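Okay, so the sequence shown: first residue is 1 according to the UniProt record's numbering, each after it adds one.
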Amino acid sequence: MRLFIVLLLVGLHLCACQEDKRVKEVDAFFTMEDFGPAIRLKGEILPMDSIWKPARIRVEDSLLILTDMTCDYFIQVYDKRTGKKLTENLSRGSGPGELMYCWSTQYDKDKVWAFDMQMARLNEYARDSFLTGWHVQPQRSLHLQGAPTTVAALPDGTFIGSSLSDKETLFTRYDSNGRKDSSFNMPYPEVDYDIPEIKKKDFWEHRIYYSPRHRKVVVFYTYTDLIEIYDEQMKRERRVQGPDQFGPEFGIRNIEGGYVMIKPQKGISKLSYISGVLTDTEMWTLYRGCWPTDGNDARQTLLVFDYEGNPLRHYELDMSVQDYAIDEEERCIYALTEHPDPVVVRYPY
Numbered sequence: 001m002r003l004f005i006v007l008l009l010v011g012l013h014l015c016a017c018q019e020d021k022r023v024k025e026v027d028a029f030f031t032m033e034d035f036g037p038a039i040r041l042k043g044e045i046l047p048m049d050s051i052w053k054p055a056r057i058r059v060e061d062s063l064l065i066l067t068d069m070t071c072d073y074f075i076q077v078y079d080k081r082t083g084k085k086l087t088e089n090l091s092r093g094s095g096p097g098e099l100m101y102c103w104s105t106q107y108d109k110d111k112v113w114a115f116d117m118q119m120a121r122l123n124e125y126a127r128d129s130f131l132t133g134w135h136v137q138p139q140r141s142l143h144l145q146g147a148p149t150t151v152a153a154l155p156d157g158t159f160i161g162s163s164l165s166d167k168e169t170l171f172t173r174y175d176s177n178g179r180k181d182s183s184f185n186m187p188y189p190e191v192d193y194d195i196p197e198i199k200k201k202d203f204w205e206h207r208i209y210y211s212p213r214h215r216k217v218v219v220f221y222t223y224t225d226l227i228e229i230y231d232e233q234m235k236r237e238r239r240v241q242g243p244d245q246f247g248p249e250f251g252i253r254n255i256e257g258g259y260v261m262i263k264p265q266k267g268i269s270k271l272s273y274i275s276g277v278l279t280d281t282e283m284w285t286l287y288r289g290c291w292p293t294d295g296n297d298a299r300q301t302l303l304v305f306d307y308e309g310n311p312l313r314h315y316e317l318d319m320s321v322q323d324y325a326i327d328e329e330e331r332c333i334y335a336l337t338e339h340p341d342p343v344v345v346r347y348p349y
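What follows is the structure in structure tokens.
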């Protein structure tokens with residue numbers, strides 16, 4: 001009887017610890033079972049001209065656009081049916097119109113935005129000339145105050161991002177000239193365990209995306225399985241957590257009364273959402289759910305949601321992928337993987 005009581009208390013304690021790692025004020029929790037049975041996909045390698053080491057991929061119209069951090073020009077544009085290289089853009093450098101580190105791009109019906117995280121520079125291009133011309137110069141270039149790591153352009157000409165220099169706020173709003181709106185403040189999510197104030201920006205790392213079709217801002221978190229959906233005024237509409245329901249957690253040690261964050265460790269930290277893609281009808285994300293161990297960095301689980309954050313489908317790819325793009329019209333996934341050299345793989349779904 002005494003052993004039973006001890007085991008019961010231990011079990012209750014473990015359940016409480018699991019509950020403590022949930023994020024507060026969540027509108028809905030979900031599990032992997034809510035997506036239904038996993039749909040397993042087998043891909044085919046596409047023949048492509050002169051691929052080097054691309055890190056990002058996206059689909060625009062009949063084009064495949066690869067972002068390569070090692071080339072003289074970051075953007076390489078291909079015909080998605082023939083694999084023929086059509087053009088290249090975004091020259092590397094620190095001069096006018098150039099980028100040092102093209103972290104992300106954003107496309108709408110008439111513009112393309114390219115974000116340089118190293119120089120905190122945002123370049124605006126005319127969409128048609130960007131996709132078809134060679135070495136196109138930006139229509140304008142602006143510097144974002146602070147140290148942004150993710151940024152999305154909104155239709156009113158302002159920008160929403162996350163700056164490492166803004167420790168007090170989760171998001172940072174910029175005006176049309178890249179100046180920080182000091183009156184804007186967004187509180188961090190809360191959990192039941194202590195996270196040092198000075199380290200919250202690291203713990204709540206995220207990626208921000210904007211959907212012109214739905215006029216929503218979507219945030220995927222990196223160290224917790226949390227998704228948030230906002231309107232254009234950054235009023236939160238929905239916060240969902242899953243499928244494993246864990247909070248951000250790092251190894252932390254206290255030195256002379258101050259906190260020092262140490263490297264994420266196996267058994268402590270987890271990676272969650274690696275890369276988000278917003279289509280006209282759905283939200284997709286590449287899900288990790290654990291920390292890479294022993295050189296294993298497999299990323300082959302894709303989760304699909306509607307724009308209310310409800311689980312729809314769950315795909316398992318036959319290869320580990322670095323990044324992916326969704327072609328809703330043809331109902332296929334284009335993914336980057338190493339085989340062992342970098343290739344583009346097409347998955348009908």
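Note that the Cβ used here is the ideal one computed from N, Cα and C, for glycine as well.
Here the structure is a predicted model, which means the values were calculated and not measured.
Taking C-beta to C-beta, are residue i and residue j nearer than 7 Å?
i    : j    : result
M319 : T301 : no
P248 : T31  : no
Y188 : K199 : no
D72  : R92  : yes
R56  : D323 : yes
L90  : A126 : no
G178 : L142 : yes
V217 : Y230 : yes
R58  : A325 : yes
E232 : R215 : yes
L286 : R299 : yes
V321 : R313 : no
I160 : R173 : yes
F220 : G289 : no
L38  : Q106 : Here residue 38 turns out to be Ala, not Leu, going by the sequence shown. In this structure, Q106 does not lie closer than 7 Å to A38 by Cβ.
C102 : F74  : yes
Between which two residues does the beta strand (DSSP E) harbouring residue i extend?
i    : result
D116 : K111 to D116
R121 : R121 to A126
G161 : F159 to S163
Q76  : Y73 to D79
E88  : K85 to S91
I333 : C332 to E338
A147 : Element bounds for A147: n/a, residue is neither H nor E.
P311 : P311 to L317
Considering residue i, what are the terminal residues of the alpha helix (DSSP H) in which it resides?
i    : result
D202 : K200 to F203
Could you pull the DSSP bridge partners for residue i from this structure?
i    : result
W284 : V277 and V304
F29  : Q241
I45  : V345
I51  : BP columns for I51 are empty, so no partner.
N296 : T293
S104 : F115
E60  : L63
I believe residue i touches residue j by the beta-carbon criterion, under 8 Å. Please report the beta-carbon distance rounded to the nearest angstrom.
i    : j    : result
I268 : F250 : 7 Å
M117 : T149 : 6 Å
E98  : K111 : At roughly 19 Å, the Cβ-Cβ gap does not stay under 8 Å, so E98 and K111 are not in contact.
D175 : D181 : 6 Å
Continuous beta strand (DSSP E) assignments of at least 3 residues falling wholly in the region 183 to 254:
206 to 211, 216 to 221, 226 to 231 and 236 to 241
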